[in-house]
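Quick notes on the structure that follows.
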Amino acid sequence: MPRTHLLYDFYRKMSQRFYSFEDLLHHALPIMANYLGAQRISFFNWDEEKSIISLQTTSLNGEIFDLQENIFIDKNSPEIIKFLQDGLMDSPTLDYPVIYALVKWRTPLESLKALTSGKQMRSRYGVLRFERFKKNKIFTQSDKQIILGLCSELSSKINVIEIDSYHMSQLERARALNGLAKLFATSLRLADSLKEILKSIQNTFHFDRTSMYLLDPKTQVVNEAYSADLSGEVKSIDISQNIHRAFSARCPGGDYVCPLITSSDIVLSLPLSMQSNNLGWLVFDNMLSRAKISQEDILSLKQFSTQIALAIDNARLFEKVQELSNYDELTKLCLRRFFNENLSQEIYRSQRFNLTLAIILLDIDHFKTINDTYGHIFGDEALKEVSQVIRTSLRQTDIPCRYGGDEIIIMLPRTTAEEAKHIAKRLSQKVKAIKMNPELTHGQEVHLSISQGIAVYPYDSQDQAELIHCADEALYYVKEGGRGFWANYSDVKNKTDKEENS
Amino acid sequence: MLFWIMPDNAERTQSIMEDFLLDFKKENPGIDIEIKVINRATLWNKIFSLRHLVRSGKGPDIIAMPHYWTELLIKADVLVNLTEFDKTFRVDNYLELLRSHCYKNNTSDIYSIPWWFDITALHYREDHLLQVCNNPQKLLSTWQGMLEACKMLKERFSDVEGYFPMQNSDWRGSLSHRAVLPCIWSRGGFLMDEKENLSGFNVPQTRKGIEDFAALALKGYMPILRERSSLGTISSGYASMIMTRRQGIAMFEGQKANFEVKTLPIPKTGKEYINYLDATNLALIKGPNKEQAALLLKWLTKPENQIKYAALTEVFPSSEASFENFLISSPIRVQNYAHILSSAKTLPSHIASGTLMEMLAEVMTKIASNIVRNDYSVKQLETYLLKEQKEADDILSLYRD
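Chains as they are written, first to last, in my numbering: chain D, 1 to 502; chain P, 1001 to 1401.
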């Protein structure tokens, strides 16, 4: 086939859309080998930094292979300087007809580099190797002209595909980032937000690991850390264990407060800052795969670290508002609405799993007199001290609530009447041991005590309001009986019934 | 069903595998198998996005992979727990050295099954060696002796253009990071300490082991980074020795060579012989075709099929029964490999094993370039190793759990 016809034929056969460089080579190499009567044709990537050309794809007798071969190439040697000028070179060592041909194209620079250098494109090189090992037929001048023509056509196709894939990847990135932005904007619950943010980053950027270290706003010490690994699963990092030594080692002074301030090709650390306040750090690493973090990713993540910081700040504010709306500022005990919601859920759970649930209703003995005698400031202090005793004496699952005035109610899930009585006894003893500040009472010693009424689900009642009423009945009984102790509704009822019957 | 395999038989991998699977296809006419050959370097890059490939339905259903990657892929949550999937999967009938890599660490859950393994050995042309020494076996027992043999052979065959005493068995034509391991271990060096807490890149024994191996290229005894460097083989007379993990019997007997090739353990660089054992395991990937892929996995690991594929690929079958049958089928094999196997060592089953090998590969690639550029120095090597030491320690610290 004459050269021009052959080149046109190649142009025609390559006139289709390729979705990747790999696709393009898989299509082009067998065609080129066929034109030249070469049994094997290989495409090498030129790694200028390492002075190596690395085999990317080989086609042998029309079939494609994924093999590896590295060849040292010295850009300053006279042979390679000539190769760069001529575009063709014979094999320096092989003893059968082999010819190398230069493929040169331009590829878009990554945004960050483009921004700093002002250039949009950079040159890249590849090398094609044509081998005729069967009949040892040498490459003629005419063959060489064809090879140059084919390389030129291949270069222009690579140019197109490079720009095309660059745009495609930008589009995909924009889509993914848009999704992330939406997530950041709508995340309100802190723990859930952090997990979702890490998960989304992993799914978008495919790092080996993404970690988030958050600082306590008051102490500026890391008090919370999460990481999402290769599986995408998010786990909280135990910060008491020195497992992020990898990062702390690089901090000035080796202090773990700053998990990572360095960045390399495979690790990137970004501060999470809001109005010059450091909330913590995001750390992205490809330490297992050793894949370089691209400039594109760095640029996107830098933009997003501000949004993530904003999302965290929002979530923290939301939590603060929630806390304020659910908790009493003076006693730090939860408020009635929050308690009722939880009691209702707990009664449902107890019903479903056949469990007992106790409540204790209590108030401070003679609180009105205390207030009138020593003033409201002392009254408030007394309430704070009693609440503090209650908060620190209960299990994590128990919920104490300021029910109104000096009235406090405690929900004790999975608790029997006997266990509730034991808890009431303990609380009573601890309250009695409270030493109030004598400065507030003009040097007088004031001792506090509490009266407590207990009711137990399902024995006393299966209805929420009625259960509280039962506890109130028991409390009334205690108050009537002289205060300072505790009583269980069933016991009270039995006693009253007996008294009535007798 | 998509089956990812590595190029076990170079350019013939696809056709050999297609022929090999004909019997399976006859037994299972409804199962269509697409084979994709992916080299180790590309596979390494792909496994980190495998979870996303699987999610988009583009992932493989079954893969062949280096055995020491199992733990990494378990952590990436892409492998099927074979014990949960089918109680009949077991590995207690495989060679002991290969078993630990099949399990998720500290559990009895199997995630991959050994398929075949290879082990480093030195093969040499006796006719060539006898031209330069009286007792090749003795001379080749130590690394120093082997370098002396190389020196004498280079002089003896100085008139043969393109001759190198040592054939480079690395497919890339570089300094192989797998081939250097026996030199490192024999010197007492290591990549990861026994407690798996610290890396050993920068311990002097590791550096010495690398220097030992690099001497082959540095002194011009082995070609590196040249065109199709695997040409210039001992079969064609352009080399006298080769260190390879492939078992040499079939390789040379099959060619009906008019010379004798003998096999020895890798010469010791330190006090003891250590030969590197590398295995290829099969694993199922989470996805819709698990049932079909499990059938293929079972078929491929049947003892008779292991032996058949091992013979085609010049490797060793990995189940105890098939390995014994394979070995005793040739008295020369028994003679050659009994000693080599007794000194075999492999990489630990650790999430970072693959990464540390990549790091070693990076060091070897850098020094290969240095050697070719004539700017190699021990100081330069130390700089590379120090950098890797720091990173490797960080990785081991991060992935301790």
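Glycine included, each C-beta is placed from N, C-alpha and C at the ideal position.
Does residue i come within less than 8 Å of chain P when only Cβ atoms are used?
i	result
His206 of chain D	yes
Ile399 of chain D	no
Ser229 of chain D	Rather than Ser, the amino acid found at residue 229 of chain D in this sequence is Asp. Yes, Asp229 of chain D lies at the interface with chain P (some Cβ there is under 8 Å from its Cβ).
Gln68 of chain D	yes
Thr93 of chain D	yes
Pro259 of chain D	In this predicted model, Pro259 of chain D has a pLDDT of only 40, less than 50, meaning its place in the structure is not dependable; the value taken from the coordinates is given anyway. Closer than 8 Å: no.
Gly149 of chain D	no
Met89 of chain D	no
Phe338 of chain D	no
Ser20 of chain D	no
Gly232 of chain D	yes
Ala33 of chain D	no
Asn494 of chain D	no
Report the rounded CA-to-CA distance for residue i versus residue j, giving the unit in angstroms.
i	j	result
Leu1198 of chain P	Lys199 of chain D	30 Å
Ala1041 of chain P	Tyr1111 of chain P	22 Å
Tyr213 of chain D	Trp281 of chain D	5 Å
Val98 of chain D	Val160 of chain D	29 Å
Ala420 of chain D	Ile360 of chain D	8 Å
Thr397 of chain D	Arg483 of chain D	28 Å
Gln351 of chain D	Ile423 of chain D	23 Å
Ser236 of chain D	His1101 of chain P	28 Å
Lys135 of chain D	Phe10 of chain D	25 Å
Leu6 of chain D	Lys13 of chain D	10 Å
Glu499 of chain D	Val492 of chain D	10 Å
Asn488 of chain D	Phe338 of chain D	25 Å
Ser1108 of chain P	Ala228 of chain D	26 Å
Ile261 of chain D	Leu270 of chain D	Below a pLDDT of 50, predicted positions are generally treated as unreliable, and Ile261 of chain D, at 38, falls in that range; the measurement from the model is reported next regardless. One C-alpha to the other measures close to 8 Å.
Pro535 of chain D	Lys137 of chain D	Any property of residue 535 of chain D remains undetermined from this structure, which presents chain D solely from 1 to 502.
Arg124 of chain D	Asp47 of chain D	9 Å
Determine whether the Cβ of residue i lies closer than 8 Å to any Cβ atom of chain D.
i	result
Leu1095 of chain P	no
Asp1193 of chain P	no
Leu1414 of chain P	Here chain P has residues from 1001 to 1401 only, and residue 1414 of chain P is not among them.
Lys1387 of chain P	no
Pro1007 of chain P	yes
Thr1355 of chain P	yes
Gln1014 of chain P	yes
Glu1324 of chain P	no
Glu1358 of chain P	yes
Glu1011 of chain P	yes
Ile1274 of chain P	no
His1350 of chain P	no
Going by beta carbon distance, what residues of the same chain come within less than 7 Å of residue i, once the five residues before and after it are set aside?
i	result
Val1132 of chain P	Ala1149, Met1152, Leu1153 and Arg1156
Ser294 of chain D	Glu110
Ser1353 of chain P	Tyr1068 and Leu1347
Phe43 of chain D	Leu25, Leu29, Gln56, Thr57, Gly126 and Leu128
Lys1035 of chain P	Here residue 1035 of chain P turns out to be Ile, not Lys, going by the sequence shown. Excluding residues within five positions, the ones whose Cβ falls inside 7 Å are Phe1003, Ile1005, Gln1014, Met1017 and Glu1018.
Leu317 of chain D	none
What does a CB cutoff of less than 8 Å around residue i pick up in its chain, not counting 5 residues either side in sequence?
i	result
Ile1367 of chain P	Leu1175, Ile1210, Ala1214, Tyr1376, Gln1380, Leu1381 and Tyr1384
Lys384 of chain D	Leu330 and Thr331
Gly1145 of chain P	Lys1138, Leu1139 and Pro1267
Arg391 of chain D	Lys332, Leu333 and Pro400
Between which residues of its own chain and residue i is the CB-CB distance below 6 Å, once the five residues before and five after are set aside?
i	result
Phe1089 of chain P	Leu1082 and Ile1110
Phe284 of chain D	Phe207, Thr210 and Leu268
Ser387 of chain D	Thr331 and Leu333
Quick one: is the Cβ of residue i within less than 7 Å of any heavy atom of the ligand SAM?
i	result
Arg17 of chain D	The model on display carries no ligand, and the ligand SAM is accordingly not part of it.
Length-filtered (4 minimum) alpha helix (DSSP H) runs lying within the region 361–440 of chain D: Counting only runs that start and end inside the region 361–440 of chain D, the alpha helix (DSSP H) elements of at least 4 residues fall at 367–374, 376–393 and 417–432.
Within 8 Å of chain P by C-beta, residues of the region 291–306 of chain D in sequence order: Result list: Ala291.
Against chain P: residues of the region 165–194 of chain D by CB proximity under 9 Å: Flagged: no residues at all.
Alpha helix (DSSP H) runs contained entirely in the region 1272–1306 of chain P, provided each spans 4 or more residues: If we require 4 residues or more, the alpha helix (DSSP H) runs fully inside the region 1272–1306 of chain P come out as 1290–1300.
Chain D contacts made by the region 1316–1347 of chain P, where a contact means CB separation under 7 Å: Close to chain D, meaning a Cβ-Cβ distance shorter than 7 Å, is no residue of the region 1316–1347 of chain P at all.
Ranges of the alpha helix (DSSP H) found wholly within the region 1020–1050 of chain P, counting only runs of at least 4: Listed in chain order, the complete alpha helix (DSSP H) runs (minimum 4 residues) inside the region 1020–1050 of chain P are 1022–1027 and 1040–1047.
Secondary structure, beta strand (DSSP E): runs of 3+ residues fully inside the region 1054–1111 of chain P: The region 1054–1111 of chain P contains these whole beta strand (DSSP E) runs: 1062–1066.
Chain P contacts from the region 47–60 of chain D (Cβ-Cβ distance under 9 Å): Under the 9 Å Cβ criterion, the region 47–60 of chain D contributes Lys50, Ser51, Ile52, Ser54, Leu55, Thr58 and Leu60.
Residues of the region 1237–1248 of chain P whose Cβ lies closer than 7 Å to any Cβ of chain D, in chain order: Those residues of the region 1237–1248 of chain P that come within reach of chain D (Cβ to Cβ, closer than 7 Å) do not exist; the list is empty.
Sequence ranges, beta strand (DSSP E) only - wholly within the region 321–351 of chain D, length at least 3: Not a single unbroken stretch of the beta strand (DSSP E) spanning 3 or more residues falls wholly within the region 321–351 of chain D.
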